[in-house]
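Have a look at the structure below, then the notes.
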Amino acid sequence: MRKRAAVLCGAAAVVVAGTFAAVPAGASPSHSPEAVRAATLSWKKCPTTDYPTLQCASLEVPLDHGDPGGQHITLALSRVPHTAKKYQGPLLVNPGGPGGSGRTLAGFVAKSLPKKVAAEYDVIGFDPRGVGRSTPALTCKPGHFGSVRPDPVPATAAIERANLQRARSFAEACGKKYASVLPHINTLSAVRDMDAIRRALGAPKLNYFGYSYGTYLGTVYAKLYPERVRRLVLDSIVDPTGVWYEDNLGQDPAFNDRHRALMAWIAKHDATYGLGTDPGKIEARWYAMRTALAKKPADGRVGAAELEDTFLPGGYYNGYWPHLAEAFAAYVNAKDAEPLVEAYEDFAAVDAAGDNGYSVYTAVQCRDGSWPRDWDAWRADHWAVYEKAPFMTWNNAWYNAPCAFWPTRPLEPVNIANGEVPPALLFQATDDAATPYEGGATTHALLRGSSFVVEQGGGNHGITLSGNSCLDTHLAKYLTDGTVPRGTGTVDAVCKALPDPRPLTAKVASGTAHGSTLHGLLGFRG
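Just so you know, we're using this note's numbering here: the sequence shown kicks off at 11 and counts up by one.
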């Protein structure tokens, strides 16, 4: 996971995935037991300004799928219905997390795909169990991310104790509040919910499109139900062999690299930001800012931890770089902290939805696989990584540290190796920090017959439907008729990354409209 991607090349051929019979629009449903379940969904209009055709419904599922007669919970669903005569079934979408709300993503995907393609699918979004409008929605400890938090770098025993107490208290609050629910907040349960959604839709097969953690969700679904997968799209792919302690350690060097890429970008635009032309010296000024904020938080709100949180989104999406650079420059050059505080409010401050998302994130991650219970192991591992990658290593450690004290026992991670699923289409940027390149390469090797499309030189997380026409053409072809590119090596197709953004001007906003919308939906840490 820590090895960076090499230069990729090679011509790609094209093949067509296995053909599937399309269900005509308006066709009468069969009288199979699965089709009967479709009556349990009652779709109602729930339009938004951006997505006027959005519909909403809810679905009851067992809390414990092994006990279908026991307690039930509710999943919140959304839909943009198909409009074409040719109907290719439901396209279930997920933004990752774990803990991300997927209801709005349905509208975004339906709007961003070519109209002819989107018209052939019911695009279905959902809030996974515990998330958003689904009930119960988990919120273990409101205000857990209130500022100012202890410095993430445990330079003293007192700082380490303070951070450990925060992590332990969060785990204890979750266990006390949701003792009967936490054992059932995990990827396997969410996958069984997905199959319940499929049954309720009356669909023999699912089409699936997942980002980030949603790629693991999709591959686990394909492992459990390969005969129920029609098409499978994975974008920004987690390493399924590192669930989840190793995956999080693997992010740290990659985020450090992306932070240095931001410093290099600022150096190229010294005329705008006035921070110098040497990336190394600019990075030193950033760490000097961090030290100053640790001693005197800006506006009493932005200390060292909050500064790291504010700059973390720049590792996910370079469209945020101009905003971060402006805040950085204002603080250093003009002693003006207001833009930095504003950036913190825009990119890092955690609201009630964020409290909910983090609660589900920890519940899933801590349950899905084993985490060290001995803090000495965490300390040794993270100090070793920090020596080479200081930007986010300890911040990331404390974000996940409740797993050292989690009240539920871990499950065994799923081996997603699969030779039965139809050809899947995989997308990965070479310099993605949140899901480093090796996760995509590993998943490609484990999914027999899959096709691997790489964005060379790209560092964003979530790369389709973000303005790269090369990537989106492959996506559209696949969703139209199952066409996937085939290369002669380990990579099937290569697309050039979009240019980095320009500094902000009065007339030009950074990034593309779709890119900024998508990355707002995907969020961070997922």
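Note that CB positions come from ideal geometry on N, CA and C, so glycine has one too.
All of these numbers come straight from a predicted model, not from anything done at the bench.
Assigned with DSSP and collapsed to three states, N470 falls in coil, not helix or strand. Between V127 and L489, the C-beta spacing is below 8 Å. Rounded to the nearest angstrom, the Cβ distance from V71 to D245 is 26 Å, too far for a contact under 8 Å. Residue burial annotation: W254 is buried, with at least 16 other C-beta atoms found within 10 angstroms of its C-beta. Counting along the chain, H333 sits inside the alpha helix (DSSP H) bounded by residues 331 to 344. Under the three-state reduction of DSSP, F437 is assigned to strand.
In this structure, L531 lies away from L102, with their beta-carbon atoms at least 8 Å apart.
DSSP, read as helix, strand or coil, puts P164 in coil. A direct Cα-to-Cα measurement between P162 and P307 gives close to 14 Å. With contacts defined by Cβ atoms closer than 8 Å, T440 and P250 do not form a contacting pair. Going by DSSP, K506 is part of the beta strand (DSSP E) stretching over 503 to 506. Counting the other Cβ atoms within 10 Å of the Cβ of A264 gives 16 or more, which makes it buried. When the beta-carbon positions are compared, M273 and Y341 stay at least 8 Å from each other. The criterion of a C-beta distance shorter than 8 Å is not satisfied by L234 and T197. DSSP places E430 outside both helix and strand once states are collapsed to three, so it counts as coil.
The Cβ-Cβ distance between D257 and T403 does not fall below 8 Å.
Cβ-Cβ distances below 7 Å link R458 to N428, G429 in the same chain, with the five nearest sequence neighbours on each side left out; the list follows chain order. The straight-line gap separating the alpha-carbon atoms of L528 and L475 is approximately 8 Å. Distances from the CA of E465 to each of T418, Y221, K506 were compared; the closest alpha carbon is that of K506. Per DSSP, the unbroken alpha helix (DSSP H) holding T114 starts and ends at 113 to 122. A contact is defined here as three or more CB-CB pairs under 8 Å, and the region 364 to 371 meets this definition with respect to the region 148 to 166.
Within the DSSP bridge table, the entry for H279 names no partner. DSSP places I83 in the uninterrupted beta strand (DSSP E) bounded by 82 to 90. CA-CA distance, G284 to A294, rounds to 14 Å.
The C-beta of N343 has fewer than 16 other C-beta atoms within 10 Å across all chains shown, which makes the residue exposed. DSSP places E70 in the uninterrupted beta strand (DSSP E) bounded by 65 to 72. The Cβ neighbour count for Y297, taken over all protein chains shown within 10 Å, is under 16; the residue is labelled exposed. Between R270 and G469, the C-beta spacing is not below 8 Å. Here S52 has A67 as same chain residues with Cβ atoms under 7 Å from its own Cβ, once five neighbours each way along the sequence are excluded. With respect to the 8 Å criterion, E336 and P349 are classified as neighbours on the basis of their beta carbons. Put simply, of T500, F534, L69, Y371 the residue whose alpha carbon is nearest the alpha carbon of A210 is L69.
Contact check for T445 against H484 fails: the beta carbons are separated by 8 Å or more. Here G212 is buried. Its C-beta has 16 or more other C-beta atoms within 10 Å.
Counting only residues of its own chain and dropping the five nearest sequence neighbours on each side, P332 has a CB closer than 8 Å to the CB of P511, R512, P513, L514, S520.
Residue burial is scored here from C-beta neighbours: K121 has at least 16 other C-beta atoms within 10 angstroms and is therefore classed as buried. Per DSSP, reduced to three states, the secondary structure at D442 is coil, with no helix or strand assignment.
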